[in-house]
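Residue numbers (the working numbering): 319 to 496. See below for the structure under consideration.
Here's what the structure looks like:
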């Protein structure tokens with residue numbers, strides 16, 4: 319069954335269709351949130367709250383984008399709200415970087431991945447978000463702009479800055495050569 323049919327049925331109260339939608343998108347959502355936050359406990363809380371909001375507000379979803387994109391948008395906003403309320407960052411778990419599949423980063427070994435993960439988590443939330451959406455999930459610039467609610471030019475700028483920061487820090491740590 320296609321996603322649009324599942325959505326239609328779920329909006330009409332079909333609990334089985336809703337279950338399939340959630341199951342089909344759970345891993346993508348969880349992988350994204352874990353990479354974004356770097357703390358498994360908080361990530362699980364954000365995922366649960368995201369799914370709850372999605373179920374409660376399912377009628378509001380307009381299938382202009384994929385259901386997973388909508389879930390990621392909700393999760394991103396929930397994390398942004400969390401950051402506004404809690405200025406102190408939680409400790410990071412480096413093992414979480416291997417959750418989910420990496421798209422553009424397949425050539426990087428595990429030592430380099432750990433360094434990238436540390437560097438990513440030193441970046442601002444805004445830069446980290448666009449980097450993860452682009453390089454782990456291969457979203458297009460316009461999709462990222464929709465998720466983070468900013469112009470495409472800002473997404474490109476944040477991504478460029480994130481990549482440059484990662485390269486500079488990796489050179490400083492000796493992982494890559496000049």
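Glycine residues also receive a C-beta, built at the ideal position from the N, C-alpha and C atoms.
Asked, Found
"Below 8 Å on the Cβ atoms is my guess for residue 460 versus residue 470; work out the distance and round it to an integer in Å.", "6 Å"
"Excluding the 5 residues flanking residue 339 on each side, which residues of the same chain have their C-beta closer than 8 Å to its C-beta?", "321, 324, 325, 328 and 385"
"Can the beta-carbon of residue 396 be found less than 7 Å from the beta-carbon of residue 377?", "no"
"Taking C-beta to C-beta, are residue 401 and residue 443 nearer than 7 Å?", "yes"
"Distance, Cα to Cα, residue 485 vs residue 451?", "18 Å"
"Could you say which of 465, 345, 455 and 348 lies nearest to residue 398 if we only look at CA atoms?", "465"
"Taking Cβ positions, are residue 393 and residue 445 nearer each other than 7 Å?", "no"
"Distance, Cα to Cα, residue 438 vs residue 355?", "10 Å"
"Does DSSP put residue 420 in a helix, in a strand, or in coil?", "Residue confidence for residue 420 is low, a pLDDT of 42 falling below 50, so the modelled location carries little weight; the figure read from the coordinates is stated next. Reduced to three states, the DSSP call for residue 420 is coil."
"Which value, in whole angstroms, describes the spacing of the CA atoms of residue 483 and residue 365?", "28 Å"
"From what residue to what residue does the alpha helix (DSSP H) around residue 442 run?", "Here residue 442 belongs to no alpha helix (DSSP H), and DSSP marks it neither H nor E."
"In the DSSP assignment, find the unbroken alpha helix (DSSP H) run with residue 357 in it and report its ends.", "Note, residue 357: premise wrong, no alpha helix (DSSP H); not H, not E."
"Just the C-alpha distance for residue 488 and residue 374, rounded to the nearest angstrom, thanks.", "43 Å"
"From residue 352 to residue 468, what does the alpha carbon distance come to, in whole angstroms?", "22 Å"
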